[in-house]
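For reference, the structure is listed below as C-alpha cells.
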Amino acid sequence: MSDKIHNLGSGFWNIRGSFRIGGVINIGTQCSLVKLASGRFVFLDSYALTGEVRDEVMALTNNGQDVEAVLNVHPFHTVYCAQMAKDFPQAIFYGSSRHHKKIPEVQWATDLVESNPVAKRYPELKFSLSEGVHYISPNEMLHAGSLLAYHPASQSLHVDDTFMSPPMKLLEAVLPDLMLHPTTKKALKNEPNAGKQYCDWASNLAHEWRDVRNFCAAHSYIVKFKDGEFERALLKAIDKARPKLESA
Numbered sequence: 206m207s208d209k210i211h212n213l214g215s216g217f218w219n220i221r222g223s224f225r226i227g228g229v230i231n232i233g234t235q236c237s238l239v240k241l242a243s244g245r246f247v248f249l250d251s252y253a254l255t256g257e258v259r260d261e262v263m264a265l266t267n268n269g270q271d272v273e274a275v276l277n278v279h280p281f282h283t284v285y286c287a288q289m290a291k292d293f294p295q296a297i298f299y300g301s302s303r304h305h306k307k308i309p310e311v312q313w314a315t316d317l318v319e320s321n322p323v324a325k326r327y328p329e330l331k332f333s334l335s336e337g338v339h340y341i342s343p344n345e346m347l348h349a350g351s352l353l354a355y356h357p358a359s360q361s362l363h364v365d366d367t368f369m370s371p372p373m374k375l376l377e378a379v380l381p382d383l384m385l386h387p388t389t390k391k392a393l394k395n396e397p398n399a400g401k402q403y404c405d406w407a408s409n410l411a412h413e414w415r416d417v418r419n420f421c422a423a424h425s426y427i428v429k430f431k432d433g434e435f436e437r438a439l440l441k442a443i444d445k446a447r448p449k450l451e452s453a
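The numbering of the sequence shown is the numbering used here, which starts it at 206 and goes up by one.
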C-alpha cells in the first residue's frame, strides 16, 4: 500500500500513509492538510512524508514555508512527530500532554491541542473532545479517546481511532459503515454514567455534524457518505453499543 494524497475540495487534503505493527502488518495511518482563510496551512496529525505525496505537499505549501502549525489530535499517535518537526521546523506544534512527555525533543506549544485557545485560532475547523472515555487512558493499550476535527467547507471529518470504518474494502459487505473503537468500553472513565455520557456525546455529534460527506479514519480508508448517511450510520453504531456501555 503506497502513500496517497486525496484532494477532498475546499482546501482539505487527506493523506493515507503506512504504519506497520512490529514492522510487518500495515494497519495504515493518516494526516490531513487544511488551507486556512489566510492562505497558510495546518496539518492534522504528523506523518513522515515521502515521494510523490511529499512533492505535492511541498508544491502546495511553498516548499513547506506556508505550513503554520501541526495539530496532533490523538495522544497516542506520536511515532512521526519528531520527523514532522524536522520537515516543517517553522511550524507551531500542538499536542496533548502525552505528546510533550513522549517526544520531548519537539518544541511543543504551551497551549494543548485540545484547548479552547487552539480551537479559536482555527475557525475553519470544528473540534470535539470525546466524552465519557479517557482522552489519555492510563492503560496505554486503550486508544478510544481523541480530539475529532471537522472541516465544514469540504464536509470532511478527520478522526483517529474513536470512530472507525471497515479496515479494508473487502469487509464493506459484512461490516457497518461506522464502528466504535473496540476498546471503547474498557476506556470508559470510572465515573457514574460514563457510558451514557459517551453515547450522548456521540449522538449529539452525529446531529451537529450530520453534513459529513468524507469520513477520514486513521486505520482504514476514506468513506464517502451521501446526504444524511453519516448521521444514520453513527447513530446506528451508538444505539447498538449503548446497552453494553451504559451497563459498564
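Cβ atoms here follow ideal geometry from the backbone N, Cα and C, with glycine treated the same way.
By the 16-neighbour rule on beta-carbons within 10 angstroms, P343 is exposed. Annotation for A296: no alpha helix (DSSP H) segment contains it, and DSSP assigns it neither H nor E. DSSP places I210 in the uninterrupted beta strand (DSSP E) bounded by 209-212. In this structure, E319 places its C-beta atom within 8 Å of the C-beta atom of L352. With a cut-off of 8 Å on Cβ pairs, the stretch 384-391 is not in contact with the stretch 234-247, counting fewer than three such pairs. For S351, there is no enclosing beta strand (DSSP E), since its DSSP letter is neither H nor E. Of the candidates F293, G350, F281, the residue whose Cα lies closest to the Cα of G269 is F293.
Between R437 and E310, the alpha-carbon positions lie close to 43 Å from each other.
Counting C-beta pairs with one atom in each stretch, the stretch 357-364 and the stretch 413-422 have three or more that are closer than 8 Å, which means they touch. For N277, the number of other beta carbons within 10 angstroms of its own is at least 16, and it is reported as buried.
Beta-bridge analysis with DSSP links W414 to no other residue. Between A253 and Q288, the beta carbon gap of about 4 Å places them in contact (Cβ cut-off 8 Å). As the crow flies, the alpha-carbon of K306 is around 10 Å from that of T283.
L334 places its beta carbon 8 Å or farther from that of H356. Here R221 carries a strand assignment [DSSP, helix/strand/coil].
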